[in-house]
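Asker: If you read the protein sequences in the order shown, they are chains A and B.
Under this note's numbering, the residues of the first sequence are numbered 21 to 133, in order.
Under this note's numbering, the residues of the second sequence are numbered 73 to 187, in order.
Glycine included, every Cβ here is placed at the ideal spot set by N, Cα and C.
Since we're looking at a predicted model, the values are computed, not measured.
Below: one structure in structure tokens.
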Amino acid sequence: GENVEQHPSTLSVQEGDSAVIKCTYSDSASNYFPWYKQELGKRPQLIIDIRSNVGEKKDQRIAVTLNKTAKHFSLHITETQPEDSAVYFCAASMSGGSYIPTFGRGTSLIVHP
Amino acid sequence: GAVVSQHPSRVICKSGTSVKIECRSLDFQATTMFWYRQFPKKSLMLMATSNEGSKATYEQGVEKDKFLINHASLTLSTLTVTSAHPEDSSFYICSARREFNSPLHFGNGTRLTVT
């Protein structure tokens with residue numbers, strides 16, 4: 021089955037800096053890659069996603085890049101703010117597996133004011 | 073849109089009793105619902121996949137007789153933890169999606185404490 025590795029497990033940045041979280045996946049058939057943000061005590065929420073037919077997607081301060089050849093995708097947050105502090109999960113899913121997402125272990129992002 | 077409601081948010085029960093957790097998609101029909109268990113500062117561990125009108129598919133290592141899942145309609149799935157023990161104490165969270173390869177929408181989770 022699919023295996024998703026996510027790094028780093030913890031990321032600490034100063035407010036205004038950029039943050040990058042990286043994920044790799046094992047199955048080249050995966051074609052949908054969402055990112056979820058989970059604030060403490062709250063539900064995970066989709067913040068951005070990308071499909072395998074594009075290499076990059078941007079939404080204001082958040083962007084995701086996908087390298088299908090290398091089988092990795094990354095989340096980029098620019099101009100970080102304290103409210104960006106949360107756990108971020110990447111996921112990968114593929115057709116044929118009924119699109120059951122496989123999640124990474126999560127990255128705890130801490131933005132210091 | 074795409075709201076998933078999960079109840080209860082917190083439950084405390086005695087060892088040996090059963091607890092039912094409900095997951096409802098409020099404004100969409102969910103072809104599939106997922107149940108996860110999340111340990112502190114850990115990732116989401118998929119327990120089972122639930123498709124409306126059919127038996128749930130359990131992940132390896134998850135006891136289907138202990139964690140009963142029913143998906144009676146396109147908007148409701150339930151997880152019943154039977155004969156709960158303290159080691160079942162955890163955060164359980166459901167998610168639902170409209171169709172294959174569409175985003176997951178999560179419930180708020182249920183904090184189960186078994187005393």
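1) Determine contact between the stretch 90-109 of chain B and the stretch 122-139 of chain B, defined as no fewer than three beta-carbon pairs at a distance below 8 Å.
2) May I ask you to report which of helix, strand or coil DSSP gives D160 (chain B)?
3) Are the beta-carbon atoms of I130 (chain A) and L95 (chain A) separated by less than 8 Å?
4) I believe T182 (chain B) touches Q110 (chain B) by the beta-carbon criterion, under 8 Å. Please report the beta-carbon distance rounded to the nearest angstrom.
5) By Cβ distance, which residues of its chain are closer than 8 Å to V33 (chain A), with the 5 residues on each side in sequence left out?
6) Going by C-alpha distance, which of B:P80, B:K86, B:S81 and B:A74 is nearest T187 (chain B)?
7) Looking at chain B, which residues of the stretch 68-98 of chain A have a Cβ within less than 7 Å of any of its Cβ atoms?
8) When the Cα of G36 (chain A) is compared with those of A:A49, A:E103, A:P64 and A:S113, which residue comes out closest?
9) Which residue's Cα is closest to the Cα of P158 (chain B): B:V76, B:S90 and B:V75?
10) Against chain A, with Cβ distances strictly below 8 Å, would P175 (chain B) count as a contact?
11) On the DSSP letters alone, give me the boundaries of the beta strand (DSSP E) that Y108 (chain A) sits inside.
12) Just confirm the distance between the C-beta atoms of S48 (chain A) and E22 (chain A), as a whole number of angstroms; I'd bet it's less than 8 Å.
13) Tell me the rounded alpha-carbon separation between S162 (chain B) and K92 (chain B).
14) Name, please, each residue of chain A whose Cβ falls closer than 7 Å to the Cβ of G181 (chain B).
15) So which residues of chain B does P121 (chain A) contact, with C-beta pairs closer than 7 Å?
Answerer: Well, looking at it:
1) yes
2) helix
3) no
4) Contact doesn't hold; Cβ gap of about 10 Å is too wide.
5) A39, T100, L129, I130, V131 and H132
6) B:K86
7) D69
8) A:E103
9) B:S90
10) yes
11) A106 to M114
12) That pair is no contact at about 10 Å.
13) 14 Å
14) R63
15) L176
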